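Here is the structure we will look at.
Protein chains: 2
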Amino acid sequence: MNNSYNHSLSANSKLTQISANRCFDGEQHYYSHQSSATKTQMTFSIYLPDEALAGHRCPAVLYLSGLTCNADNVTHKAHFQKKCSELGMIFIAPDTSPRSSEDNDVPNDERYFVGQGASYYVDATQAPWAENFNMQSYIVDELYDLLRSEFSIDSIGVTGHSMGGHGALLLGFKFPSKFISVSALSPVCSASESAWGQAAYTEYFGDDDDLKSQADAAKTIEAVGQQYSMILVDQGAADNFLAEGQLQTAKLQDACEKAKQPLTLRYQAGHDHSYYFIQSVIDDHIEHHWRMAQLN
Amino acid sequence: MNNSYNHSLSANSKLTQISANRCFDGEQHYYSHQSSATKTQMTFSIYLPDEALAGHRCPAVLYLSGLTCNADNVTHKAHFQKKCSELGMIFIAPDTSPRSSEDNDVPNDERYFVGQGASYYVDATQAPWAENFNMQSYIVDELYDLLRSEFSIDSIGVTGHSMGGHGALLLGFKFPSKFISVSALSPVCSASESAWGQAAYTEYFGDDDDLKSQADAAKTIEAVGQQYSMILVDQGAADNFLAEGQLQTAKLQDACEKAKQPLTLRYQAGHDHSYYFIQSVIDDHIEHHWRMAQLN
Chain E
75 MNNSYNHSLS
85 ANSKLTQISA
95 NRCFDGEQHY
105 YSHQSSATKT
115 QMTFSIYLPD
125 EALAGHRCPA
135 VLYLSGLTCN
145 ADNVTHKAHF
155 QKKCSELGMI
165 FIAPDTSPRS
175 SEDNDVPNDE
185 RYFVGQGASY
195 YVDATQAPWA
205 ENFNMQSYIV
215 DELYDLLRSE
225 FSIDSIGVTG
235 HSMGGHGALL
245 LGFKFPSKFI
255 SVSALSPVCS
265 ASESAWGQAA
275 YTEYFGDDDD
285 LKSQADAAKT
295 IEAVGQQYSM
305 ILVDQGAADN
315 FLAEGQLQTA
325 KLQDACEKAK
335 QPLTLRYQAG
345 HDHSYYFIQS
355 VIDDHIEHHW
365 RMAQLN
Chain S
75 MNNSYNHSLS
85 ANSKLTQISA
95 NRCFDGEQHY
105 YSHQSSATKT
115 QMTFSIYLPD
125 EALAGHRCPA
135 VLYLSGLTCN
145 ADNVTHKAHF
155 QKKCSELGMI
165 FIAPDTSPRS
175 SEDNDVPNDE
185 RYFVGQGASY
195 YVDATQAPWA
205 ENFNMQSYIV
215 DELYDLLRSE
225 FSIDSIGVTG
235 HSMGGHGALL
245 LGFKFPSKFI
255 SVSALSPVCS
265 ASESAWGQAA
275 YTEYFGDDDD
285 LKSQADAAKT
295 IEAVGQQYSM
305 ILVDQGAADN
315 FLAEGQLQTA
325 KLQDACEKAK
335 QPLTLRYQAG
345 HDHSYYFIQS
355 VIDDHIEHHW
365 RMAQLN
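Chains as they are written, first to last, in this note's numbering: chain E, 75 to 370; chain S, 75 to 370.
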């Protein structure tokens, strides 16, 4: 662990610093903490530009990752640090679910789209998931408050990829007072109508169709109407999951039309579902959240 | 595997494409091939901007990775793709050594700085290493010729990190007719006088001190004199391996002075030895190689 890193946690902080590395004009940090929402240790990464390290309040963007990922994938592969350094933007990447550990036996499933790595950022109501799989409460209450108390954050926007793009759209429209801006990359647009999401929601919500609809991004947007002056969504045109029907981008477009929610939806020729796509458009998303933060 | 990727290999090509992903205005590819130099399958990554995919000859930079790495680390974590896309630059990342496989039992060592992942880009003369550990010949002859025959390459510069920074300096000054430009990130500057390199060279060269000196970057620069109008080296000032004496940056500075080799050496405050450092300066290295290619 290096000695030149500058952020001081509060007295009696719940956070433990795992690592800190200088990166452009800022620092990439990792923290862990015991979560009351998930009853597990949770880990997140946070990029702090020098402005934030110096105590200046900066806009932040919360990035929700996709199936199978943890905080590492986006932190290593999305290439967000340079733009965040240039603009003075904080970038936060939580894990995608609670995880088993030596002290903690968290439920799981053999399918990569259910269980650990596949929370869909909802609060499960069914056993055995309800005990730990409370990622909505984790993100919008526990982590949200912890970030605001421990770091020099002005406003928070939300974005994400694939399952995390669904999470960004869902949480952004369910909790518009918490988030100043919303964007998504290759989002699952309607979890309750995709094969991945149907499998997960049957586990997490049983046969309660109301709960499944309330945990569906496109249906939530249609139900609550316009919340943001503009949302930005990028989708690779050569994404095999789009072709397979997991993403259903047209449902998002339809929901935004009905909700009169302005949407910038871009199909990127040749691009697939990978982090090679994410890195190709992430700067535009950071700039979107930056602009929205400046307008408020 | 996606279907929208454009590069055609030659008839009877020795290369097998492993993957291809659209990334910015270009494609990130991986290839494998049977190497005659190492007698193993070797894998490399190559970023091809659209100019190269369209058949326009582009400058290329060959990046030699550090201890324990393979082609993935730099390809995922160094964030070179955006700048290469903007400039129309090809970026090639070979593996750091031959590897064992199901068909092939390559020598190894328990120490992370000897054996697989730690070739130092030299041709070993001692058993059991001499059979496979011929990475100098692999890089400057076999891979070099293969790249030129299979891709639309104009000139080739060489760079690298840590052990690979040593490789870039060593091969750049031993084979100046092959490379148009040289740079290095956090290089081991004098392998024959670092603890890592001494352990490796004792295995690869036995007690032949002449061979060890001929495989030493600083000594080679001093012996052959100026070869490039300028070389660029970045070093993190908070790099623990610098403090431990593995890198010996002062020996490079001294060798360049004696050789009258112009050197831009930058110490970057707060930065360590990680890919968070590499990504923070890689654009400057790509631009250095780009400028040198334009001058020729």
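The beta-carbon is built from N, C-alpha and C at its ideal position, and this holds for glycine as well. Computed from a prediction, not measured in an experiment: that's the story for all the values here.
How far does the alpha helix (DSSP H) with residue i in it reach, from first residue to last?
{"i": "His150 of chain E", "result": "145–151"}
{"i": "Thr294 of chain E", "result": "291–298"}
{"i": "His359 of chain S", "result": "349–369"}
{"i": "Asp215 of chain S", "result": "Per DSSP, Asp215 of chain S belongs to no alpha helix (DSSP H) and is neither H nor E."}
{"i": "Asn316 of chain E", "result": "In the sequence as presented, Asn is not what sits at residue 316 of chain E; that position holds Leu. Note, Leu316 of chain E: alpha helix (DSSP H), 314–317."}
{"i": "Leu244 of chain E", "result": "237–248"}
{"i": "Leu141 of chain E", "result": "Where Leu141 of chain E is concerned, there is no enclosing alpha helix (DSSP H), given that its DSSP letter is neither H nor E."}
{"i": "Asp284 of chain S", "result": "283–288"}
{"i": "Lys252 of chain E", "result": "That residue, Lys252 of chain E, is in no alpha helix (DSSP H); it is neither H nor E in DSSP."}
{"i": "Gln200 of chain S", "result": "Unbroken run through Gln200 of chain S: none, as it is neither H nor E."}
{"i": "Glu160 of chain S", "result": "155–161"}
Give the interface partners of residue i over in chain E, defined as CB-CB distance under 7 Å, in chain order.
{"i": "Ser229 of chain S", "result": "Per Cβ cutoff of 7 Å: no residues; Ser229 of chain S is ~26 Å from chain E at best."}
{"i": "Phe279 of chain S", "result": "The premise fails here: Phe279 of chain S is roughly 35 Å from chain E at the closest Cβ pair, so nothing lies under 7 Å."}
Could you please give the first and the last residue of the uninterrupted beta strand (DSSP E) stretch that includes residue i?
{"i": "Ile305 of chain S", "result": "305–310"}
{"i": "Met116 of chain E", "result": "115–123"}
{"i": "Thr276 of chain S", "result": "Per DSSP, Thr276 of chain S belongs to no beta strand (DSSP E); it is in the alpha helix (DSSP H), 269–279."}
{"i": "Glu101 of chain S", "result": "100–108"}
{"i": "Gln91 of chain E", "result": "90–96"}
{"i": "Gly234 of chain E", "result": "227–234"}
{"i": "Ser257 of chain E", "result": "257–259"}
{"i": "Phe165 of chain S", "result": "164–168"}
{"i": "Ala343 of chain S", "result": "Per DSSP, Ala343 of chain S belongs to no beta strand (DSSP E) and is neither H nor E."}
{"i": "Ala329 of chain E", "result": "Per DSSP, Ala329 of chain E belongs to no beta strand (DSSP E); it is in the alpha helix (DSSP H), 323–333."}
{"i": "Cys263 of chain S", "result": "First-last for Cys263 of chain S: undefined, no H or E at that position."}
Assuming residue i contacts residue j (C-beta within less than 8 Å), just tell me the rounded distance between them.
{"i": "Cys97 of chain E", "j": "Gln353 of chain S", "result": "7 Å"}
{"i": "Ser119 of chain S", "j": "Thr149 of chain S", "result": "4 Å"}
{"i": "Ala311 of chain E", "j": "Ala343 of chain E", "result": "5 Å"}
{"i": "Pro123 of chain E", "j": "Ser175 of chain E", "result": "Contact doesn't hold; Cβ gap of about 32 Å is too wide."}
{"i": "Ala274 of chain E", "j": "Ala192 of chain E", "result": "6 Å"}
{"i": "Gly280 of chain S", "j": "Gln200 of chain S", "result": "5 Å"}
{"i": "Met116 of chain S", "j": "Val135 of chain S", "result": "About 19 Å separates the two Cβ atoms, so there is no contact after all."}
{"i": "Ala333 of chain S", "j": "Gln309 of chain S", "result": "So it is not a contact: roughly 19 Å between Cβ atoms."}
{"i": "Gly231 of chain S", "j": "Met366 of chain S", "result": "6 Å"}
Looking at residue i: is its Cβ nearer than 8 Å to the Cβ of residue j?
{"i": "Ser55 of chain S", "j": "Tyr302 of chain S", "result": "Only positions 75 to 370 of chain S appear in this structure, which leaves residue 55 of chain S out of reach."}
{"i": "Ala297 of chain S", "j": "Ala265 of chain S", "result": "no"}
{"i": "Tyr137 of chain E", "j": "Val196 of chain E", "result": "no"}
{"i": "Leu217 of chain S", "j": "Gly239 of chain S", "result": "no"}
{"i": "Thr170 of chain S", "j": "Cys263 of chain S", "result": "no"}
{"i": "Val180 of chain E", "j": "Pro168 of chain E", "result": "no"}
{"i": "Ser257 of chain S", "j": "Val214 of chain S", "result": "no"}
{"i": "Ser251 of chain E", "j": "His130 of chain E", "result": "no"}
{"i": "Ile305 of chain S", "j": "Gln335 of chain S", "result": "yes"}
{"i": "Leu243 of chain S", "j": "Ile295 of chain S", "result": "yes"}
{"i": "Ser84 of chain E", "j": "Ser223 of chain E", "result": "yes"}
Below 7 Å CB to CB, which residues in the same chain sit around residue i once its five sequence neighbours on both sides are set aside?
{"i": "Asn370 of chain E", "result": "Ser229, Ile254"}
{"i": "Gln327 of chain E", "result": "Leu337, Leu339"}
{"i": "Leu161 of chain E", "result": "Ile360, Trp364"}
{"i": "Asn178 of chain S", "result": "Thr114"}
{"i": "Ala126 of chain S", "result": "Cys132, Ile164, Phe225, Ser226"}
{"i": "Phe187 of chain S", "result": "Leu141, Trp270, Ala273, Ala274"}
Spatial neighbours of residue i within its chain, please: C-beta separation below 6 Å, excluding the five flanking residues on both sides.
{"i": "Leu220 of chain S", "result": "none"}
{"i": "Met75 of chain E", "result": "Note on Met75 of chain E: pLDDT 39, under 50, position unreliable in the model; the coordinate value appears next. Nothing listed; no residue qualifies."}
{"i": "Tyr104 of chain E", "result": "Ile92, Ser93, Ser119"}
{"i": "Lys88 of chain E", "result": "His107"}
Anything in chain E within Cβ reach of residue i, meaning under 9 Å, just list it in chain order.
{"i": "Lys156 of chain S", "result": "His153, Lys156, Gln353, Ser354, Asp357"}
{"i": "Tyr350 of chain S", "result": "Asn95, Arg96, Cys97, Phe98, Glu101, Gln102, Gln155"}
Cβ closer than 7 Å: which chain S residues qualify as neighbours of residue i?
{"i": "His150 of chain E", "result": "His150, Lys151"}
Output needed for residue i: all residues of its chain with C-beta closer than 8 Å, excluding positions within five of it in sequence on either side, in chain order.
{"i": "Asn208 of chain S", "result": "Ala111, Thr112, Asp197, Ala198"}
{"i": "Ser78 of chain S", "result": "Caution applies to Ser78 of chain S, whose pLDDT of 47 falls short of 50 and renders its modelled position unreliable; the value that the coordinates give is listed next. Here the set comprises Arg96."}
{"i": "Tyr350 of chain S", "result": "none"}
{"i": "Lys293 of chain S", "result": "Ser264, Ser266, Ser287, Ala329"}
Is residue i near the ligand FAD, in the sense that its beta carbon is under 7 Å from a heavy atom of that ligand?
{"i": "Ser87 of chain S", "result": "Absence of the ligand FAD from the depicted structure is noted, as is the absence of any ligand whatsoever, leaving it without description."}
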